[in-house]
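Asks:
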């Protein structure tokens, strides 16, 4: 029933703490124009727009896609705005893909972004809502206890998080778009960096970034005419679970497990560790790499840290993870999920540049959001499935 | 394309201030009712999509809490648009077209009483050139209304007649917020709120929630309620800057109507999401709806205008009415943004 869909264009901005050189218009256009150039299309070729970003309070504009649509060539076209918390970049790509898979459109431009410097994310996350527990601590304070719980469950060595951070920060040096770049980063520098939310150190956490990511999703007939290699969408999946529910396991959420299971079934994958060549996983705090490796079924419960420790997830490992430097190196929140999906696509296209995994044929893109209630994932391949 | 039908529709009574129930409690009520009426067991619903706005709720991630109203355990396949729920229904319709689901729950909620709506909507404008002017949604609508008067062919009396008709029709709608008999001459004797708009030309500020269940093909035919088929659905956007648009016309509505396959002569009724009286006039022209056509039997957005919900409610109301009347085609329309910036048209048919 579903039509084939492929990524034929990928673009992203340079990510930085404050992109004061561009407005929100300029930021989204920077990514979108690169995606169109990659796909060798122009604005008028595009049938529909799908825009994603995290909470509107992060820029201080309600439903900003209404003023941005025109700058993205949207006049007279359908435009959708997706918001599913931190997983939104992934969810946005999935909605765009579904427009092609449904046979509604042939060429969809999807753009996600965050321009955090125009507001204050900490403030946006700290609003007191009547009759609800205040978070106040922001994301780091929220996730630190979950990491502590994982450490206790798994008995993972204390330095696992440092090793993840070292790997991702070194990978980021191969990514010209990455926000954080530490040319001579060492294990000791990370270990000695200030403890922000115990056990999360400063250099084990993601930055606040301004940035955008865009992709062109195309039908089979369009993709087959594209000059550059497309990435074929093999499967997509999303899952959400409730917040106020005593049966939740926030460390290893059921929604993530179910999402991965559904995804692999749709993609015809029975052994993800063997059949997936590389993965871009949403890791905003270093310890989330081993946590998600388990949640995604790459490792048994409590064993994910071994993959990190044994170098399996390094660029030259058996299952490279976060080749781009990941969320730890660039975090324009609304775009962070799409950057994962886009990196997976570029890997199977063979267009990932210096951080290309040779011969990557099947890759996973992963995003999560909220307090680990929201998951979106896709599998892309170098050949149609 | 698969045949997709609206099976059920539930809504809260709309109020200026819903003081006794939170968003989660409002959503729970309508979702429970819509699922029960759909004839599809909750666990068999393949996809869920909602529409809401963080700025209306006054907090980041407002929709995350709404998932608690769904009993989403085991975890569900779910998505959310920061748009009116009519667009959530569109996303769900696309999912069903992909074959990723055979049925879907769509809901929307908006509790404008959490803030001061006119000021909130000012923050919906281009933050560099428009929002700093401090112009609010009513003033922008008034600019549009003035342009329409300048163009000619319509008078303030025509708009007052729309208000009188809407409030009268709302008397038969137990969910409406603003209802009752009124007289055109009395309304026209009232002072302007923002010239040329009077209070009766503007929508009330409303709290509320609504839910719809849709399903495809045989799932819809077997479910129980008489299916109301979605014969076409499309949506289009226009530029944001009022200065680059002809505010007296709605080309995005015309285009969406054409793409959705709307044939005005065959319609039984239309539910138009026109928050301001003069916008109904613009929409009728854009869609080519004749004088005799029944418009907004529910009372429309002039009787209740819950932000993020009112568009989805137009689809629900239109479907409900043609299901009850037995057969025929109806058109439902949703809008969002200032001055009808973005519009969706859905053509429905009861067999």
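Protein chains in written order, with the working numbering: chain A, 1 to 385; chain B, 386 to 736.
A virtual CB, placed ideally from N, CA and C, is assigned to each residue, including glycine.
Since we're looking at a predicted model, the values are computed, not measured.
Mind listing the chain B neighbours of residue 332 of chain A? Cutoff is C-beta to C-beta under 8 Å, in chain order.
Replies: What residue 332 of chain A touches in chain B: nothing, since even the nearest Cβ is about 16 Å away.
Asks: Pull up the distance between the alpha-carbon of residue 182 of chain A and that of residue 282 of chain A, whole angstroms please.
Replies: Approximately 20 Å between the Cα atoms of the pair.
Asks: Check whether the Cβ atoms of residue 572 of chain B and residue 589 of chain B lie closer than 9 Å to each other.
Replies: Going by C-beta atoms, residue 572 of chain B is not nearer than 9 Å to residue 589 of chain B.
Asks: Which class does residue 514 of chain B belong to by DSSP, given the choice of helix, strand or coil?
Replies: DSSP places residue 514 of chain B in coil when its eight states are reduced to three.
Asks: Given that a residue counts as buried once 16 or more other Cβ atoms are within 10 Å of its Cβ, and exposed if not, what is residue 657 of chain B?
Replies: Residue 657 of chain B is buried by the Cβ-count criterion.
Asks: Using a C-beta to C-beta distance shorter than 9 Å, which residues of chain B count as neighbours of residue 254 of chain A?
Replies: In chain order: 458, 459, 460.
Asks: Is it true that the CB of residue 596 of chain B sits closer than 9 Å to the CB of residue 492 of chain B?
Replies: Cβ atoms of residue 492 of chain B and residue 596 of chain B: closer than 9 Å.
Asks: Check this for me: beta carbons of residue 24 of chain A and residue 627 of chain B, under 9 Å apart or not?
Replies: It is not a contact, given that the beta carbons lie outside the stated cut-off.
Asks: Under 9 Å, Cβ to Cβ, is there at least one residue of chain B near residue 29 of chain A?
Replies: No, because no Cβ of chain B sits closer than 9 Å to the Cβ of residue 29 of chain A.
Asks: When Cβ atoms are compared, which residues of the region 335-357 of chain A fall closer than 7 Å to chain B?
Replies: Correct list: empty, as no residue qualifies.
Asks: Using a Cβ-Cβ cut-off of 6 Å (strictly less than) and excluding sequence neighbours within five positions of residue 460 of chain B, which residues of its own chain qualify?
Replies: Same-chain partners within the cutoff: there are none.
Asks: Whole beta strand (DSSP E) runs in the region 405-482 of chain B with 3 or more residues, listed along the chain?
Replies: Listed in chain order, the complete beta strand (DSSP E) runs (minimum 3 residues) inside the region 405-482 of chain B are 432-436, 463-466.
Asks: Please determine, among B:427, B:669, B:401, the residue with the shortest C-alpha to C-alpha distance to residue 598 of chain B.
Replies: If we check each option's Cα against that of residue 598 of chain B, B:427 comes out closest.
Asks: Would you list, in sequence order, the uninterrupted beta strand (DSSP E) runs of no fewer than 3 residues that lie entirely inside the region 271-320 of chain A?
Replies: The region 271-320 of chain A contains these whole beta strand (DSSP E) runs: 278-280.
Asks: So for residue 387 of chain B, helix, strand or coil by DSSP?
Replies: Coil at residue 387 of chain B, not helix or strand.
Asks: Does the Cβ-Cβ distance between residue 687 of chain B and residue 471 of chain B come in under 9 Å?
Replies: No. Outside cutoff.
Asks: Checking contacts by CB at 9 Å: is residue 572 of chain B closer than that to chain A?
Replies: For residue 572 of chain B, the answer is no, since every Cβ of chain A falls outside 9 Å of its Cβ.
Asks: If the cut-off is 8 Å on Cβ atoms, which residues from the region 99-120 of chain A count as contacting chain B, listed in chain order?
Replies: So the list reads 99, 101, 102, 103, 104, 118, given in the order they occur along the chain.
Asks: Pull up the DSSP beta-bridge partners for residue 361 of chain A, would you.
Replies: DSSP lists no partner for residue 361 of chain A.
Asks: Give me the Cα-Cα distance between residue 519 of chain B and residue 507 of chain B, rounded to the nearest whole angstrom.
Replies: The straight-line gap from Cα to Cα measures roughly 7 Å.
Asks: Run through chain B and tell me which residues come within less than 9 Å of residue 66 of chain A, C-beta to C-beta.
Replies: The contacting residues are 509, 510, 511, 622, 625, 721, 722, 723, 726, 727.
Asks: Considering only residues of the same chain and omitting the five flanking positions on each side of residue 430 of chain B, which have a CB-CB separation below 6 Å?
Replies: Same-chain partners within the cutoff: 488, 490.
Asks: Could you give the DSSP three-state label for residue 80 of chain A: helix, strand or coil?
Replies: Residue 80 of chain A: strand per DSSP, three-state reduction.
Asks: Can you give me the Cβ contacts of residue 445 of chain B inside the same chain, cut-off strictly under 8 Å, excluding the 5 residues immediately before and after it?
Replies: 439.
Asks: Quick one: residues in its chain with C-beta nearer than 8 Å to the C-beta of residue 581 of chain B, no 5 flanking neighbours on either side, listed in chain order?
Replies: Within the same chain, residue 581 of chain B has close Cβ partners 527, 530, 531, 534, 541.
Asks: According to a CB-to-CB cut-off of less than 7 Å, which residues of the region 68-87 of chain A neighbour chain B?
Replies: Listed in sequence order: 69, 70, 74, 75, 76, 77, 78, 79, 80, 81, 82, 83, 84, 85.
Asks: Verify the CB distance criterion: does residue 637 of chain B have a CB-CB separation below 9 Å to chain A?
Replies: Yes, contact with chain A.
Asks: What did DSSP end up calling residue 601 of chain B once you bin it into helix, strand or coil?
Replies: It is a strand residue.
Asks: Using a Cβ-Cβ cutoff of less than 8 Å, which residues in the same chain neighbour residue 482 of chain B once the five nearest sequence positions on both sides are dropped?
Replies: Correct list, in chain order: 386, 387, 389.
Asks: Grouping DSSP H, G and I as helix and E and B as strand, with all else coil, what is residue 42 of chain A?
Replies: If DSSP states are grouped into helix, strand and coil, residue 42 of chain A belongs with coil.
Asks: List the whole-angstrom C-beta distance separating residue 357 of chain A from residue 278 of chain A, where the pair is believed to meet the contact cut-off of C-beta under 8 Å.
Replies: About 5 Å separates the two Cβ atoms, so the contact holds.
Asks: Any Cβ of chain A within less than 9 Å of the Cβ of residue 505 of chain B?
Replies: Output row for residue 505 of chain B: interface = yes.
Asks: CA-CA distance, residue 26 of chain A and residue 20 of chain A?
Replies: Distance between the alpha carbons of residue 26 of chain A and residue 20 of chain A: 10 Å.
Asks: Shortest alpha-carbon distance to residue 592 of chain B belongs to which of B:463, B:510, B:411, B:671?
Replies: Of the listed residues, the one whose Cα sits closest to residue 592 of chain B is B:411.
Asks: If you measure between the beta carbons of residue 335 of chain A and residue 365 of chain A, is that distance less than 9 Å?
Replies: It is not a contact, given that the beta carbons lie outside the stated cut-off.
Asks: Using the C-alpha atoms, what's the distance from residue 212 of chain A back to residue 200 of chain A?
Replies: So the alpha carbons of these two residues sit roughly 26 Å apart.
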